[in-house]
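In the working numbering, the protein residues as written are 215 to 343. Every residue gets a Cβ at the ideal spot worked out from N, C-alpha and C, and that includes glycine. Below you'll find the structure, written out as structure tokens, and then a few comments.
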Amino acid sequence: MMKQPDQQLFDEIFKRLTDIGLTVYDFLPPLGTKYPFVVMGDTHIMPRATKTQLIGKCSTTINVWGDGMDRKLISDIVARIMQAVSEINQIENRRWSMIIDDSDTEILKDNSTNENLYRGILNMYFSFI
């Protein structure tokens, strides 16, 4: 059975980020995990049905976590991720294209733990046919 578009995109991004040497998790890792690391976020499908196939858009969020001394490193990782995922153009039998104009990134200061952290957030949109 063919994977749904959101699962195709999730798996492809996970693989590409691992291939470029990033530590990637499906969920937040256990406390004490060494920074930096990447956490795959939610996906969202905006389908457009046709008579013969499912086409549409898919969005995904990726979070990059680093300690409070590594803002430049987080910025660099965010840029590497954007580059890696922007190159996605085919997954299995579907063609994909990143919608650059709708995608965005931000870097936030985070104090949800006892240590100061930086969190890079990538919100990316893709079209698929």
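message: Restricting to Cα atoms, I'd like to know which of W279, K265, I291, S311 is closest to G246.
response: Taking the first residue of the sequence shown as position 1, residue 246 is located at position 32. Closest option to G246, Cα to Cα, is W279.
task: For my contact list, N277 and V253 are in at a C-beta cut-off of 8 Å; report their separation, rounded to the angstrom.
output: One-based indexing of the sequence shown puts residue 277 at position 63. One-based indexing of the sequence shown puts residue 253 at position 39. Right, their Cβ atoms sit about 5 Å apart.
- request: With DSSP as the reference, please indicate the residues paired to V252 in a beta bridge.
  value: Residue 252 sits at position 38 when you count from the first residue of the sequence shown. Beta-bridge pairing links V252 to V238, V278.
task: Helix, strand or coil for Q304, going by three-state DSSP, please let me know.
output: Counting from 1 along the sequence shown, the entry for residue 304 is found at position 90. Three-state result, Q304: strand.
task: Determine contact between the stretch 235-242 and the stretch 321-335, defined as no fewer than three beta-carbon pairs at a distance below 8 Å.
output: Between the stretch 235-242 and the stretch 321-335, the count of Cβ pairs shorter than 8 Å is below three; the stretches do not touch.
message: Alpha carbons only, please: which of R333, D318, L268, I227 is nearest the one belonging to D281?
response: For this step, residue 281 is matched to residue 67 along the sequence shown. Comparing C-alpha distances from D281 to each of R333, D318, L268, I227 shows the shortest one belongs to R333.
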